[in-house]
Amino acid sequence: MRLVDGKGFFLFIIYLSLSIQIACGWSDTFTSAIPLKDGNRNTIVSSGGIFEIGFFSPMNSKNRYIGIWYKNIPTKTVVWVANRDTPLTDKSGVFKLTDSGILSILNDKNTIIWSSNNTSRTTNNPIAQLLDSGNLVVRDMNDVIWQSFDYPSDTFLPDMKIGKDLVTGHENYITSWKSDDDPSKGDYTYGCDLHGYPHQVIKKGQILLYRSEPWNGIDFGGISVLPQNAIYKFDMVFNKKQVFFTYKMINSSMISRLTMNRSGVLQRWVWSDQVNNWVVYFSKPTPDGCDMVCGASGSCNTDSFPKCGCLDKFVPKYQNEWNGDNWSKGCVRRKPLDCKTDGFIKHQNVKLPDPQNSLFYGNMTLVECEKLCVKNCSCMAYADILKKGFGCMIWMGDLVDIQEAPSYTFEVYIRVAFSELGSRKKKRKVIPLIMALVGGLSIILGLILFICRKWMKNSVPKGEDEQMGKDTDQLYKNERQKDDLELPLLNLSEIVKATHNFSFDNKLGVGGYGPVYKGVLPDGKEVAVKRLSKTSNQGLDEFKNEVICISKLQHRNLVRLLGCCIQGDEKMLIYEYMPNKSLDYFIFDESRRKLLDWPERFNIMNGIARGLQYLHEDSRLRIIHRDLKASNILLDFHMIPKISDFGMARSFIGNETQANTMKVVGTYGYMSPEYAVDGIFSVKSDVFSFGVLVLEIVTGKKNRGFFHHDHHHNLLGHAWILYQEGRSVELIDENLSGSCHLYEVLRSIEVGLLCVQRNPEDRPSMSSVSVMLSSDSQLPQPKQPGFFYTEHLPQPQDDMSSTTRAPSSTTAITITLVHGR
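Going letter by letter, the sequence shown gives residues -25 to -1, 1 to 796 in mature numbering (1 follows the signal peptide of the UniProt record, and there is no 0).
Quick look at the structure:
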């Protein structure tokens, strides 16, 4: 009994001590046992006496709020408001901490009007503490389970973070008050935009009013709302889990804050003891500034009159409006671009264009950046944006919000027509030399062509046309089918000439079908020639199948079959040439994978989905590809994906949706379980293969041969484990850290898992997949995928690989399994 009394007395002493501390106004903590009550002059003060928290009323308002303000500054300067959108109308409010660690504000009816609602976990003796930084934190033992710095009001304090948590999706930004009397959320925000590369933005709703230059590794370049100086410095944190910027005071005796006022002006304030008041140190945007005023391809300079002008080699789009100081329609190029011969003009001391339509590539030199931009006709400008290291940014659309001032240190290279590049004196000097060389080479080439023609004439069998006519009868069963296909038939001699007699220099790769060669037809058209190898496992049936399946298909995301040749032992397919090879050439190579940022990968993913949707639902026949894999996704000049290699495809008529086969064809790692084991294939078999591709595109890892030290599952199993544990972000290729839109990436992973579910009926159709990738609709919960353990199946030869690509099956060997039924 005495022990109980002693314990009770001890608790009473603690309670009394805390009560006295709060009453005296010098405690920096409070617990669930002792709430703050309005009207009793109860406040909490940080340990250093810098900040204070309690109930207050702004200006002429009678509403009551919980806020944090500077303790020792005469004019009450509030930096944070808890219940800014839900005020109390009298002084009956109570601010308390619950036993579960949640902060709440209650009215006179004991109704919660505001809550931090920060945790559902079990807590042990939570404590709320006001720090000298102005941050109100809730601690559970030594862990911070909630903090006011994650929910800013209109003030950005030192050590506060502005940015985004890429795991939870929570975003920190400051929002203006509606008025001096009303701290509820106003129209203006200041935060961090992740498009292109992180930069600061001021918005009115969704309207962009101001943006800084992108983070250059040291600061935000030029005139930033956080200019670097001797008083404070700022930093940027950018990784897979979070992106944010912050600043610290170098001179601890200085008091400074950044606010967004009700008119949308961001202001840097510094407290001055001399005038005993706040002094505006910096503001943005300025009323007569250059932000977002000169339109596309316009340039703003406040030292010029008028302040808007067109970039060099550009003219106003509408001259009359421009003369009337209406610059919103911007400027256009004086000479049109033609892509192949365009060049670039350097612009110095400019603010880089708006990065909304830009792409960032890390660890890329300026020379590499130029090469990347040159080969992409949509690239309008490029720049190296990092002061430490290399970082290439390219712009794909209109160049907006360019400004000129000595304070801007960036250089940007803007695309113009060849004729606009200036003097060509050096070129003119070498013209006589070039003409002499051309004359000499012409004679030599003439002799070579004469010899080649003579050799070709002797090498082509006599009666070639007659022989070709006989051989094509193997391909078409009747004349009606031949007319229906309308596919050009090329002579062997034409193909021999186009490929320089199948020279080694023209060889693009080797697949299960045979070698692939680059060729140039007499009209100058570049083609890829698939030549059936005499030792190939794929014979005339596969050849016929590919011709019949793809000859009539016309879609942006399917490779085009231009013609065929069948003569004697030679069987060849002629395709459009794909200069960027195949998807596997990029995503499974450590260095080339860096060239595919997230927007590029996401576009490729969507393109494949659209192509499959056409095959399954929109083409004349319902076609199942049966061998969809990374090496069969070709990439054109603009990196548009094209599904290729239809040798294994099957077409259905009418309402047919699935079939059985004793001859299982496909590639390990991409085949669905029901097809590999039981020979049952359907459109859902292709959906499974697409799901594998999605996960490979996101991770840059192959499903087959995937290794993880914690388990023995393939990539699908690994993705499923992380998804179940809420750790899907760990799947993302580290090369995407500078370009990925986390919501899109995580959604793509979930769509991939939906596609590889064990049960075919659970997998979505490709039309549903296309909608899922392009919308924000809620996704169904994926079920366990069809884990495909390759060690349980007969092992094929090691994967074949090729450093170049064309329409063929490479990098993963195509296999055929025959099952007894």
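Positions of the beta carbon are idealized from the N, C-alpha and C atoms, including for glycine.
The model shown is predicted, which means the values in this text are computed figures rather than measured ones.
Cα-Cα separation between residue i and residue j, rounded to whole angstroms
i           : j      : result
Ala605      : Cys348 : 25 Å
Leu78       : Lys37  : 23 Å
Met580      : Val669 : 7 Å
residue 797 : Leu334 : Residue 797 falls outside the range modelled here, since the chain spans only -25 to 796, and no answer is possible.
Ala358      : Phe385 : 8 Å
Leu571      : Phe612 : 14 Å
Gly692      : Pro760 : 7 Å
Met211      : Thr221 : 7 Å
Cys269      : Trp297 : 10 Å
His688      : Leu717 : 25 Å
Leu169      : Val307 : 28 Å
Lys66       : Asn338 : 59 Å
Leu374      : Tyr185 : 15 Å
Met539      : Ser626 : Strictly speaking, residue 539 in this sequence is Cys, with Met absent from that position. Between Cys539 and Ser626, the C-alpha separation is close to 20 Å.
Glu501      : Phe393 : 24 Å
Ile470      : Ile618 : 24 Å
residue 797 : Thr61  : In the structure displayed, the chain extends from -25 to 796; residue 797 sits before or after that span and is not available.
Ser703      : Leu721 : 7 Å
Leu111      : Arg59  : 16 Å
Extent of the continuous alpha helix (DSSP H) run through residue i
i      : result
Lys617 : First-last for Lys617: Pro616 to Ile618, but that is the beta strand (DSSP E), not the alpha helix (DSSP H).
Gly14  : That residue, Gly14, is in no alpha helix (DSSP H); it is neither H nor E in DSSP.
Phe577 : Trp573 to Gln588
Ser660 : Val658 to Thr674
Lys346 : Leu341 to Val349
Trp695 : Leu690 to Gln699
Asp653 : Pro648 to Asp653
Asp741 : First, the residue type needs correcting, since residue 741 is Met and not Asp in the sequence shown. Looking at the DSSP string, the run of the alpha helix (DSSP H) that includes Met741 is Met741 to Ser749.
Cys730 : Leu717 to Cys730
Leu507 : Where Leu507 is concerned, there is no enclosing alpha helix (DSSP H), given that its DSSP letter is neither H nor E.
Lys472 : Leu467 to Ala473
Range of the contiguous beta strand (DSSP E) that encloses residue i
i      : result
Trp121 : Asp118 to Gln122
Ile41  : Tyr40 to Tyr45
Ala103 : Ile102 to Leu105
Pro158 : Asp157 to Asp168
Gly29  : Phe26 to Phe31
Val495 : Pro490 to Val495
Tyr207 : Tyr207 to Phe213
Short Cβ contact (8 Å threshold) for residue i with residue j
i      : j      : result
Tyr550 : Lys505 : yes
Trp55  : Ser151 : no
Asn147 : Lys136 : yes
Gly675 : Ile562 : yes
Met34  : Asp155 : yes
Ser7   : Lys71  : yes
Asp107 : Phe26  : yes
Cys352 : Ile369 : no
Met371 : Asn332 : yes
Thr130 : Ile149 : yes
Glu188 : Cys275 : no
Residue i burial status per 10 Å Cβ neighbour count (16 or more: buried)
i           : result
Pro463      : exposed
Ser557      : buried
residue 800 : Nothing in the structure corresponds to residue 800, since the chain is present only between -25 and 796.
His174      : buried
Gly138      : buried
Lys223      : exposed
Pro407      : For Pro407, the pLDDT reaches just 46, beneath the cut-off of 50, and the residue's location in the model is therefore unreliable, leaving the point undetermined.
Gly14       : exposed
Val20       : buried
Thr98       : buried
Thr50       : exposed
Glu725      : buried
Lys288      : buried
Asn295      : exposed
Phe681      : buried
Met614      : buried
Ser657      : buried
Cys167      : buried
Any non-hydrogen atom of the ligand FAD closer than 7 Å to residue i Cβ
i      : result
Asp129 : No copy of the ligand FAD appears in this structure; indeed no ligand is present at all.
Worksheet item: Mind pulling the alpha helix (DSSP H) runs of 4 or more residues that sit fully within the segment 277 to 337?
Response: Here the runs fully enclosed are 294 to 298.
Practice prompt. Quick one: which unbroken beta strand (DSSP E) runs of 3-plus residues sit fully inside the segment 527 to 562? Chain order, please.
Written response: 536 to 542 and 545 to 551
Item to complete: List in chain order: all unbroken beta strand (DSSP E) runs of 3+ residues lying wholly within the segment 364 to 391.
Response: With a minimum length of 3 residues, the continuous beta strand (DSSP E) runs that stay inside the segment 364 to 391 are 366 to 370, 377 to 379 and 385 to 391.
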